[in-house]
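Everything below concerns the one structure shown next.
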Amino acid sequence: MPRLADVRQRMRAVAGIGEVCRTLATVASAKLSQTRERAANARVYAAVLRRMVARQQRATRAAGVDPATLSPLLATRPETRRVLLIAVGADRGLCGGYNLAEGRYLRARLGEWRAAGVEVTVVVRGTRLDRYLRRTG
5 MPRLADVRQR
15 MRAVAGIGEV
25 CRTLATVASA
35 KLSQTRERAA
45 NARVYAAVLR
55 RMVARQQRAT
65 RAAGVDPATL
75 SPLLATRPET
85 RRVLLIAVGA
95 DRGLCGGYNL
105 AEGRYLRARL
115 GEWRAAGVEV
125 TVVVRGTRLD
135 RYLRRTG
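Letter by letter, the sequence shown follows residues 5 to 141 of our numbering.
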């Protein structure tokens, strides 16, 4: 049977581990909120950019100019033939739920695009996501 001093030392060690875990959770929460804020700002920026390009296309068509002559990026494509999908997952850490959700989302989108006859190229970064996708096909 362990001595009382050993039990107390073990209790202190466990309490210390709890403090470290709480601190890590707080830091992760702060980073997550910053990332969410950046993503929200990027969505707003992308929406404004899409509206601006659409407005530019309408203006050039109204002037009788084909937007594709100004830039190939302004050309309207009738259908999507090829897609490059860049998937970023985690290499380590407590991100199992994230990797699993992203893997399921990816497989669903891949199925939709392949059913529509779209050529899909996938680039995966992150060992856990890569392993999941290889394992599930």
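We treat Cβ as the ideally placed atom computed from N, Cα and C, and that holds for glycine. Small disclaimer: the values here were computed from a predicted structure and weren't measured.
Sequence-distant residues of the same chain with beta carbon closer than 8 Å to Ile21, five excluded per side: Against the sequence shown, residue 21 aligns to sequence position 17. Cβ within range, chain order: n/a, list empty.
If Gly130 and Ala94 are in contact, beta carbons under 8 Å, what's the gap, nearest whole angstrom? On the sequence shown, position 126 is the one that residue 130 refers to. On the sequence shown, position 90 is the one that residue 94 refers to. Their Cβ separation, rounded to whole angstroms, is 5 Å, which keeps Gly130 and Ala94 in contact under 8 Å.
Whole-Å CB distance - Arg85 paired with Val122, under 8 Å assumed: Mapped onto the sequence shown, residue 85 falls at position 81. Mapped onto the sequence shown, residue 122 falls at position 118. Cβ atoms of Arg85 and Val122 come within 8 Å of each other, at about 6 Å.
Is it buried or exposed for Asn103, if we count other Cβ within 10 angstroms and need 16 for buried? Locating residue 103 in the sequence shown gives position 99, where the first residue counts as 1. It counts as buried.
Boundaries of the alpha helix (DSSP H) in which Ala105 is found, first to last residue: Looking up residue 105 in the sequence shown gives position 101. Counting along the chain, the alpha helix (DSSP H) containing Ala105 begins and ends at Gly100 to Ala119.
At which residues does the beta strand (DSSP E) containing Glu83 begin and terminate? Here residue 83 corresponds to residue number 79 of the sequence shown, with the count starting at 1. Taken as a continuous stretch (DSSP letters only), Glu83 belongs to no beta strand (DSSP E), as it is neither H nor E.
Where DSSP assigns a beta bridge to Thr125, which residues make up the other side? Within the sequence shown, the letter at position 121 stands for residue 125. Paired residue(s): Leu88.
Collapsed DSSP secondary structure at Pro6 in the structure displayed: Here residue 6 is taken as the residue at index 2 of the sequence shown, counted from 1. Coil, per DSSP.
For Ala79, the three-state DSSP class (helix, strand or coil): By 1-based counting over the sequence shown, the position of residue 79 is 75. In this structure, Ala79 counts as coil in the three-state DSSP scheme.
Of all the options Ser37, Met56 and Arg118, which has the alpha carbon lying nearest to the alpha carbon of Ala89? Here residue 89 is taken as the residue at index 85 of the sequence shown, counted from 1. The question names Ala, but residue 89 in the sequence shown is Leu. Taking only the C-alpha atoms, the option nearest Leu89 is Arg118.
Just how far apart, CA to CA, sit Arg111 and Gly141? As a first step, residue 111 is located in the sequence shown; it is residue number 107 there, counting from the start. As a first step, residue 141 is located in the sequence shown; it is residue number 137 there, counting from the start. Arg111 and Gly141: Cα-Cα distance of roughly 9 Å.
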